[in-house]
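Peer 1: In full-length UniProt numbering, the protein residues as written are 1 to 459.
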Ligand SMILES: [Zn+2]
Ligand SMILES: [Zn+2]
Ligand SMILES: [Zn+2]
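Set out below in structure tokens:
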């Protein structure tokens, strides 16, 4: 197979269900004015078009929710959707695609006791949820499905990549192996189900997209973890969540570890580096706690103190420094302190560009947010460059039809107009960006990784 950057190689078949209440259960767009399913009063939709498009998947679930009296958790609903579809499609052409559910390995035996108990509780709820009239499945097959959801389930982002709003299982995608420096990325495209013209409708889909040129015979790979981790930490995460030892080229040669744990150019003593690293680790834990409590002034104070300590000791590519910079940029942007935020955001993306694959989706999203922050800070030229680079990356990782890419498409033109035109124009666009791209940092942080596992976000 030959692929080039941005080419969609394969669109895997999958099962999805909604997590949040402010999300359409058909197209997974997040918005305020949704309509509730009149029967179960649980599912929400943008409009009739979305409801009609989602009815096949919701019909049996709707009846089961009414029978149970309440909607069960997302694992149970996803398992239900998978097994109802399996029953409906048996003997049809799509049967071969469903084979992947049987082929995939589960890791039931590797699960620690508490996780196994939670899984068994879900199986019990499922048995009550599953309608008596439906075809029965052997208990070990149901456990197999729940185990697959546990190890292969993906949280799905909204149309702007700001919040996780759904849970999905894409059995064929789960057959694609991991590499810490992959040649593909998997991206959720929300499709187009706007009520305006039904001829333009396209469904929600998962796309496997090439990050660059792929040679004939080369294995297609995606990354299950964020690249911004030391190789030992990535290996640990992969072992815990996916039960395998990563021996990819980047792990074997520890590529990037030197930069991600580097000391500053001022050549501090090894003891100083050790001390500041330990201090940073401790502070970042406190920062997470303060973020969960919504105490933003404490978050800012902790981060600024930490950054001061890191000065002249840790390099600009050190992971702890980048983490502190990213929190500062995010929280200050939220509080409209754009000039201050822009300084931190710029340092952050400069570090990211040295560490990430040049076509990494996380890098693209960081450049986009940083570009918008610079715009608000009045640093239009720097912002414009970042937005253009973000657009280049998103054309590869998300493609021209994704909402994020389409948002980015109009930004460079707006930036150019401001560079040349009247100030009033800037005011007009300012409000729009604010609404679309700035999010509450404590409640809805941007996804830590495009390929975040279900368990890491919900646990
Ligand atoms: Zn919708
Ligand atoms: Zn319903
Ligand atoms: Zn690896």
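For glycine and all other residues, C-beta sits at the position ideal for the given N, C-alpha and C.
Owing to the predicted nature of the structure, the values given are computational and were not obtained by experimental measurement.
Say yes only if the C-beta of residue 224 is nearer than 7 Å to one or more non-hydrogen atoms of ligand 1, and no if none qualify.
Peer 2: Outside the cutoff, so no.
Peer 1: Do the segment 121-129 and the segment 70-82 touch if we need at least three Cβ pairs shorter than 8 Å?
Peer 2: Touching, yes.
Peer 1: For residue 11 and residue 191, I'd like the C-alpha separation in whole angstroms.
Peer 2: Rounded to the nearest angstrom, the two C-alpha atoms are 13 Å apart.
Peer 1: At the level of alpha carbons, what is the spacing between residue 124 and residue 342?
Peer 2: The straight-line gap from Cα to Cα measures roughly 51 Å.
Peer 1: Quick one: what's residue 18 bridged to in DSSP?
Peer 2: Answer is 166.
Peer 1: Three Cβ pairs or more, each shorter than 8 Å: is that satisfied between the segment 21-32 and the segment 214-225?
Peer 2: No: the two stretches stay apart, fewer than three of their Cβ pairs being nearer than 8 Å.
Peer 1: Can you find a heavy atom of ligand 1 that lies under 7 Å from the Cβ of residue 30?
Peer 2: Outside the cutoff, so no.
Peer 1: Can you pull the DSSP bridge partners for residue 30?
Peer 2: For residue 30, which the question treats as bridged, DSSP gives the partners 23.
Peer 1: Just how far apart, CA to CA, sit residue 214 and residue 68?
Peer 2: Whole-angstrom Cα-Cα distance: 49 Å.
Peer 1: For the alpha helix (DSSP H) that contains residue 65, what are its first and last residues?
Peer 2: From DSSP, the alpha helix (DSSP H) with residue 65 extends over 48-68.
Peer 1: Mapping DSSP to helix, strand and coil, what is residue 422?
Peer 2: Because the pLDDT at residue 422 is just 48, under 50, the model does not fix this residue reliably, and the value given afterwards should be weighed accordingly. Looking at residue 422 - three-state DSSP - the assignment turns out to be coil, as it is neither helix nor strand.
Peer 1: Taking residue 180 as part of the beta strand (DSSP E), name the residues at either end of that continuous run.
Peer 2: Run containing residue 180: none; DSSP gives neither H nor E here.
Peer 1: Under 6 Å Cβ to Cβ from residue 148, same chain only, skipping five residues before and after it: list those, please.
Peer 2: Excluding residues within five positions, the ones whose Cβ falls inside 6 Å are 104, 106.
Peer 1: Go ahead and label residue 187 buried or exposed: buried means 16 or more other beta carbons lie within 10 angstroms of its beta carbon, across all protein chains shown.
Peer 2: Per the 10 Å Cβ criterion, buried.
Peer 1: Can you pull every residue whose C-beta falls closer than 5 Å to some heavy atom of ligand 2, listed in chain order?
Peer 2: Answer in sequence order: 37, 39, 40, 43, 62.
Peer 1: Would residue 185 be called buried (16 or more neighbouring beta carbons within 10 Å of its own) or exposed?
Peer 2: Looking at its Cβ environment, which holds 16 or more other Cβ atoms inside 10 Å, residue 185 is buried.
Peer 1: Taking 8 Å as the cut-off, decide whether the C-beta atoms of residue 317 and residue 345 are in contact.
Peer 2: The answer is no: Cβ separation not under 8 Å.
Peer 1: Is the segment 319-331 close to the segment 278-287, with three or more CB pairs under 8 Å?
Peer 2: As far as the Cβ criterion goes, the segment 319-331 touches the segment 278-287, which means the pair count is three or higher.
Peer 1: I want to check one thing, is the minimum distance from the CB of residue 46 to the heavy atoms of ligand 1 below 7 Å?
Peer 2: Result yes, Cβ under 7 Å from ligand 1.
Peer 1: Please classify residue 172: does DSSP put it in a helix, a strand, or coil?
Peer 2: If DSSP states are grouped into helix, strand and coil, residue 172 belongs with coil.
Peer 1: Compare the beta carbon distance of residue 28 and residue 165 with 8 Å and say whether it is the shorter of the two.
Peer 2: Yes, the pair counts as a contact, with Cβ atoms nearer than the cut-off.
Peer 1: Check whether the segment 142-157 touches the segment 44-63, counting contact only when three or more Cβ pairs, one atom from each stretch, lie closer than 8 Å.
Peer 2: Too few Cβ pairs lie closer than 8 Å, so no.
Peer 1: Thinking just about the alpha-carbon of each residue, which of 17, 362, 296, 101 is nearest to the one in residue 173?
Peer 2: Ranking the options by Cα distance to residue 173, first place goes to 101.
Peer 1: Within 10 angstroms of its Cβ, does residue 265 collect 16 or more other Cβ (buried), or is it exposed?
Peer 2: Its Cβ having fewer than 16 others within 10 Å, residue 265 is exposed.
Peer 1: Please report the straight-line C-alpha distance between residue 122 and residue 75, rounded to a whole angstrom.
Peer 2: Taking the straight line from one Cα to the other gives about 7 Å.
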